[in-house]
Amino acid sequence: IGGDGCKFKLRGGPSFANNGGGELKLQLHFIHSGVEGGQPQGSYFVWMEKDGQKLPISDAIRSIALQDQQGTLGEYNYEVKIAPSSIPGGTVAGNYAIWVLDGNGERDSQTFSVSIPDGQGEVWMQFDQG
1 IGGDGCKFKL RGGPSFANNG GGELKLQLHF IHSGVEGGQP QGSYFVWMEK
51 DGQKLPISDA IRSIALQDQQ GTLGEYNYEV KIAPSSIPGG TVAGNYAIWV
101 LDGNGERDSQ TFSVSIPDGQ GEVWMQFDQG
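Position 40, counted from 1, in the sequence shown is what the numbering used here calls 40; the numbers after and before it change by one each time, with no gaps.
The following block contains the structure:
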């Protein structure tokens with residue numbers, strides 16, 4: 001897993017909010033708790049699978065450094081939305097695997113399991129490299 005020694009750990013979540021299951025909306029917060037009490041970190045993104053199949057998450061969408069936004073479930077600096085038609089099985093609900101990739105596309109965390117309840121397609125997680 002990566003070579004620079006900075007490994008993200010899951011510090012918050014996963015938390016879920018009701019959105020009717022009309023889309024999978026990830027609001028993720030990439031921080032370093034050792035810098036300014038939780039400085040938002042930039043250039044990170046995620047790989048996510050459902051039933052072993054990769055979700056169509058563009059590597060062009062990256063976390064934003066030094067900038068938090070307030071979401072329904074908490075602060076975030078990375079957001080991606082995926083339509084059910086692009087998700088294996090055609091539904092948001094189900095079991096997923098997710099891990100963090102760094103700016104070079106190299107793995108920067110262990111694999112985290114997430115079970116998204118029916119209708120609860122808004123997902124918040126906080127990853128900390130501190």
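Heads up, the beta-carbon is just placed ideally off N, CA and C, and yes, glycines get one too.
Look at the alpha carbon of residue i and the alpha carbon of residue j, and state the distance between them as a whole number of angstroms.
| i | j | result |
| --- | --- | --- |
| S86 | H32 | 32 Å |
| F30 | K81 | 17 Å |
| D108 | Q67 | 21 Å |
| G71 | Q27 | 7 Å |
| G13 | G90 | 24 Å |
| W124 | P117 | 13 Å |
| P56 | P84 | 11 Å |
Would residue i be called buried (16 or more neighbouring beta carbons within 10 Å of its own) or exposed?
| i | result |
| --- | --- |
| K54 | exposed |
| I61 | exposed |
| V92 | buried |
If you follow the beta strand (DSSP E) that residue i is in, where does it begin and where does it stop?
| i | result |
| --- | --- |
| D128 | E122 to D128 |
Check: Taking only runs of the beta strand (DSSP E) that begin and end inside the region 82 to 120, which ones reach a length of at least 3 residues, in chain order?
Finding: 94 to 101 and 112 to 116
Check: Can we say the region 36 to 45 touches the region 13 to 24, given the rule of at least three CB pairs closer than 8 Å?
Finding: no
Item checked: Those runs of the beta strand (DSSP E) which lie wholly inside the region 18 to 89 and span at least 3 residues -> 24 to 32, 45 to 50 and 78 to 82
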